[in-house]
Amino acid sequence: MDEAVGKKQFYSIEGQHASTIKIKRSIFICALSHVQSIDEAKQFISGVSRENRTATHNCWAYILGDQGGIFHSSDAGEPPGTAGKPILNMLKKNEMTKVAAVVTRHFGGVKLGVRGLMEAYGESVQATIDKLTLRKVVKSIRLKIEVSYEFNETLLNLVKKYLVRINHTGYAEKIDHRIEIAKENEKEAVQMLKEYQGMGKLKFELLD
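Heads up: the sequence shown begins at 3 in my numbering, then just goes up one per residue.
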């Protein structure tokens with residue numbers, strides 16, 4: 003791991019996505035996921051690897067932080083430097099962060115060589131990225147909001163202008179949202195939520 007320097011714009015994705023390419027009979031499947039922490043990245047990597055335990059290799063990389071300052075990669079049995087680093091480098095080339103990538107390889111019987119492997123793993127990642135709409139990463143804070151079913155639509159309309167993303171929604175006696183709002187809007191958004199909490203319309207708490 004290392005720390006990135008400088009203050010440039012970074013990008014991420016929403017949810018999880020995958021695509022497949024074939025190179026000299028080998029199948030390369032790249033899975034990408036938005037992640038917020040090392041634990042989330044490891045959970046995603048482990049999950050993809052379990053689902054593809056019969057594959058020849060499940061190589062991976064992740065980048066985290068508002069400025070992409072935390073990153074790690076693994077060749078997962080491929081020759082050193084031929085898989086994890088090319089995956090990581092492709093994420094960096096696209097100025098991405100808060101993302102984990104796993105490239106699953108099913109060997110097709112034709113060896114690609116060191117250069118061929120590096121190009122194949124990088125191409126697999128780029129092919130997936132090319133299908134996505136990247137989103138600018140903004141500094142955000144996380145909130146938990148509990149709201150009645152009757153007031154839920156009104157709430158979503160109220161927070162829309164502050165919203166970065168909805169990370170989770172649970173449905174029980176009431177609706178439980180875990181959301182992110184832009185840090186620059188924290189004061190205004192929290193004041194608004196406090197007013198509706200005072201009316202008994204919702205309950206909220208800051209998670210950061």
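For glycine and all other residues, C-beta sits at the position ideal for the given N, C-alpha and C.
None of the values given here were measured: they were computed from a predicted structure.
Among the options, whose alpha-carbon lies nearest the alpha-carbon of residue i?
i	options	result
residue 131	20, 65, 145, 12	20
residue 100	135, 53, 177, 12	12
residue 189	161, 204, 169	161
residue 24	39, 112, 66, 77	112
residue 184	142, 193, 129, 146	142
residue 165	133, 182, 156	182
residue 32	104, 144, 147, 140	104
residue 37	193, 139, 76, 26	139
residue 68	129, 98, 176, 126	98
Report the partner residues of residue i according to the DSSP bridge assignment.
i	result
residue 130	DSSP, once it has assigned bridges, lists no residue as partnering residue 130.
residue 104	33, 62
residue 178	148, 172
residue 13	98, 138
residue 46	None, per the DSSP bridge assignment.
By Cβ distance below 7 Å, which residues in the same chain neighbour residue i in space, the five residues on each side in sequence not counted?
i	result
residue 109	28, 58
residue 172	178
residue 170	180
residue 197	none
Among residues of its own chain, excluding the 5 on either side of residue i, which ones have a beta-carbon nearer than 6 Å to its beta-carbon?
i	result
residue 124	88, 92
residue 54	60, 106
residue 187	164
residue 10	none
So residue i packs on residue j, CB below 8 Å; how close in whole Å?
i	j	result
residue 16	residue 167	7 Å
residue 14	residue 137	6 Å
residue 204	residue 157	6 Å
Pair every Cβ in the segment 115-128 with every Cβ in the segment 137-154, then say whether three or more of these pairs are closer than 8 Å.
-> no
Taking contact to mean at least 3 C-beta pairs separated by less than 8 Å, is the segment 40-57 in contact with the segment 81-97?
-> no
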